[in-house]
Amino acid sequence: HITVAPELSERLDTRVFVHPGDQMLWNQTHPGVGHEDLSDGQVFDIAGTRLRVVNTPGHSPGSCCLYLPEAKVLVSGDTLFAGGPGATGRSFSDFDTIIDSIREKVLTLPGETEVYTGHGDVTSIGAEAPHLEEWIARGY
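Position 42 of the sequence shown, counted from 1, bears residue number 42 in full-length UniProt numbering, the numbering being contiguous throughout.
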């Protein structure tokens, strides 16, 4: 997803934010192209909606979710899908780290929180939480 960020930013006349944990991926993909830092807990107010950044390393060191507390919505990107954690097969990914992120930062949200994943179906925290140990046992 990082590949098209500068072009999308230019077309939409907006800024690019990158978590420092993904700086090495940004530099590999877009050497010399600027961006702003994204940090855990950072809050954006967009069109009357509050979004809170939740750093969830694992898929990549700087992976982040966006939590909309008033709407009870989590945009999970590649951290959590319906049925399990996101992909961790790349050199910069780590299964144990993504599981820790999901356990400590995602599954602690209210059960009714809807989860809009980066790929696949919408799910909820309540639907996914009971399966954590199953994911750990199967290793994906």
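Built from N, CA and C at the ideal position, the CB exists for glycine as well.
Measuring only the C-alpha atoms, how far is residue i from residue j?
i          : j          : result
residue 88 : residue 12 : 31 Å
residue 50 : residue 75 : 13 Å
residue 3  : residue 43 : 24 Å
residue 83 : residue 30 : 33 Å
residue 63 : residue 1  : 11 Å
residue 32 : residue 25 : 12 Å
residue 54 : residue 7  : 25 Å
residue 69 : residue 96 : 27 Å
residue 21 : residue 34 : 15 Å
residue 98 : residue 16 : 24 Å
Would DSSP call residue i helix, strand or coil?
i           : result
residue 114 : strand
residue 103 : helix
residue 11  : helix
residue 4   : helix
residue 44  : strand
residue 92  : coil
Should residue i go down as buried or exposed, given a rule of 16 or more other Cβ atoms within 10 Å for buried?
i           : result
residue 27  : exposed
residue 101 : buried
residue 109 : buried
residue 179 : Not covered by the structure: residue 179. The range shown for the chain is 1 to 140.
residue 36  : exposed
residue 56  : buried
residue 73  : buried
residue 112 : exposed
Mind checking who residue i pairs with in its DSSP beta bridge?
i           : result
residue 85  : 80
residue 124 : 114
residue 67  : 52, 74
Quick one: measure Cβ to Cβ for residue i and residue j, integer angstroms, because I've assumed they're closer than 8 Å.
i          : j          : result
residue 59 : residue 78 : 4 Å
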